[in-house]
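Numbering (the UniProt record's numbering), first residue to last: 1 to 385.
Below, the structure is given as C-alpha cells:
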C-alpha cells in the first residue's frame, strides 16, 4: 500500500477529477459518488458555472484549482501541469480516487493515503485514437497536440503505476489498460439512475441521444433515415457536426434535430420512443443504452466496445456489425418494429437493473470503507469482470 506515514485515523476520502465542464457521464459519476458518500470531497481543475450552477454538493465538499483555458489543447497541457504541481493538501484523506485524463498526475502529491484510479478510459487521443484527433485539427495546430501527447503519455503511465488499485469502467476499458499500459484492473460499471426512466408510451420515432460528434456516427444514422422517409428520427443532442447534419437533412421531414435538451425533456423523449440508436466507435462503456433499457426501450447498437457488454443481441436490442454501413442501420431499424420493441420491453427493464446507481455506490463504498490490508480481497469481491 502507498501509506507512508501521517495520521492513521483519517476519516475523509477525496475524488480528483479533471474538470466540471459539461454534464457528461463522468461528471455525473463524480458528483453522485461524492454526494452519496459521507466525508467524501471533490477536487477539480475548474467548474463551468453556467452548466453546474445547482450542484448537489455543499461548498465545503467541493474544491477547485481554478485553472481554465480557452483552447482545448492548451487547456489539457496546462491542466495536466496544474495537477502535477498542485499544492493541494492530500494529507487529510485516507483514500484518494483519481479519475480522468489529467487528474491522475496529482497522485505524486498523495503520499499518505491509499490511491485508487477509476478509469473511464486511458486518454484516447494519446493511444488508439491519436491519429483520428490529429487529423481533425488544422495543420498548424497539430504540433500542439503532439506536444501534449509527448508530455502527457509518460506522466500518465507513471501515475497509473503508482496507484494501489486500478478500476476500469467496463471490460472494454480493462482490455485497453492491459493492451496500452500492461496494467491489470478490476471492473465496476458506472451508475445509471434507472429510476428516472419508465416506459410511458410508444411514439412514432426512433431516438439518438449521443453527442453530434464524428466518433458517435450520427451522420451514419441520419443518412440511413434519409432513405427511410417512412421512419421518423429525432436527434436529441448537440455537437460539432450539428449544423452540417441539419444542412444534410434539409428537406427530409422525417428527421428532427432538437439541439441540446434539458434533462427532463431528454428523459421524456426516451420514455416515449420506439427504440434508441447508439453506434459510437468503440465506446468506453456508454450509459445511454442502459438508460434506454431502463425505460423498456430496446437499443439499436453496434457490436463494438462497451455497447456489446450492455445490449444483448435479440433480447434487449439489435447489434449492428462492427464498422457498420448505412445498409446495416436500415436493416436493424426495419427489424426492430414497434411490435418487436414492445415484445422486448420487460427484457430491457430487467437488464438495466444490473447497472443501477445503487450497485455502483455500494461497490465503491465497500472499497472506501475497507482497511488497506483488505483492499485486494475487497476488490476481488466487487469485480464485475
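Beta carbons are placed, not taken as given, at the ideal position from N, Cα and C, and that holds for glycine.
Just so it is clear, the structure is predicted and the values come from calculations on it, not from any experiment.
By the 10 Å Cβ neighbour count, where 16 or more other Cβ atoms means buried, how is residue i classified, buried or exposed?
i	result
residue 168	buried
residue 4	The pLDDT assigned to residue 4 is 43, lower than 50, so where the model puts this residue is not dependable, and the model offers no usable value.
residue 227	exposed
residue 327	exposed
residue 265	exposed
residue 74	exposed
residue 71	exposed
residue 324	buried
residue 247	exposed
residue 1	Confidence at residue 1 is low in this model, with a pLDDT of 44, below 50, so its placement is unreliable and no value can be given for it.
residue 322	exposed
residue 34	buried
residue 54	exposed
residue 131	exposed
residue 185	buried
residue 363	buried
residue 49	exposed
residue 262	exposed
residue 176	buried
residue 9	In this predicted model, residue 9 has a pLDDT of only 44, less than 50, meaning its place in the structure is not dependable; the value taken from the coordinates is given anyway. With fewer than 16 other Cβ atoms within 10 Å, it is exposed.
residue 7	Any reading at residue 7 must be qualified, since the residue scores a pLDDT of 44, below 50, and its modelled position is unreliable; the value itself is stated next. It is exposed - the Cβ of residue 7 has fewer than 16 other Cβ atoms within 10 Å.
residue 27	buried
residue 119	buried
residue 209	buried
residue 306	buried
residue 346	exposed
residue 244	exposed
Can you give me the Cβ contacts of residue i inside the same chain, cut-off strictly under 6 angstroms, excluding the 5 residues immediately before and after it?
i	result
residue 332	300, 318 and 320
residue 242	212
residue 313	319
residue 310	289 and 290
residue 293	316, 348, 351 and 352
residue 229	254
residue 204	232
residue 235	208 and 257
Just checking my contact of residue i with residue j at CB under 8 angstroms: how many whole Å lie between their CB atoms?
i	j	result
residue 76	residue 148	6 angstroms
residue 352	residue 194	5 angstroms
residue 297	residue 370	In fact, because the Cβ distance is near 37 angstroms, the residues do not count as touching under 8 angstroms.
residue 271	residue 197	6 angstroms
residue 365	residue 86	Incorrect: roughly 26 angstroms between the Cβ atoms, too far for contact.
residue 13	residue 94	6 angstroms
residue 224	residue 330	5 angstroms
residue 199	residue 295	6 angstroms
residue 133	residue 125	4 angstroms
residue 379	residue 165	6 angstroms
residue 375	residue 367	7 angstroms
residue 110	residue 90	4 angstroms
residue 25	residue 287	5 angstroms
residue 187	residue 383	6 angstroms
Could you pull out every residue in the same chain whose Cβ sits closer than 8 angstroms to the Cβ of residue i, ignoring the five residues on either side in sequence?
i	result
residue 359	189 and 191
residue 342	202
residue 141	73
residue 178	184 and 185
residue 238	211, 212, 259 and 260
residue 155	80, 84 and 105
Under 7 angstroms Cβ to Cβ from residue i, same chain only, skipping five residues before and after it: list those, please.
i	result
residue 23	51
residue 67	45, 46, 78, 79 and 82
residue 180	122 and 127
residue 231	206, 225, 254 and 333
residue 338	202 and 274
residue 267	196 and 197
residue 107	98, 115, 159, 162 and 163
residue 56	31 and 35
Going by DSSP, name the residue or residues bridged to residue i.
i	result
residue 115	96
residue 44	64
residue 313	317
residue 186	167
residue 192	356
residue 17	99
residue 207	234 and 276
residue 301	319
residue 255	233
residue 12	93
Worksheet item: Do three or more CB pairs link the segment 215-232 to the segment 104-116 at distances below 8 angstroms?
Response: no
Fill in: Segment contact, 8 angstroms Cβ cut-off, at least three pairs: the segment 11-24 with the segment 34-50
yes
Discussion item. Would the segment 162-176 count as touching the segment 277-297 if we require 3 or more Cβ pairs under 8 angstroms?
Written reply: yes
Worksheet item: Is it true that the segment 94-108 meets the segment 158-168, where meeting means three or more beta-carbon pairs spaced less than 8 angstroms apart?
Response: yes
Worksheet entry | the segment 60-75 in contact with the segment 26-42 per 3-pair CB rule at 8 angstroms | yes
Worksheet item: Does the segment 273-280 come within contact of the segment 250-262, defined as at least 3 CB pairs closer than 8 angstroms?
Response: no
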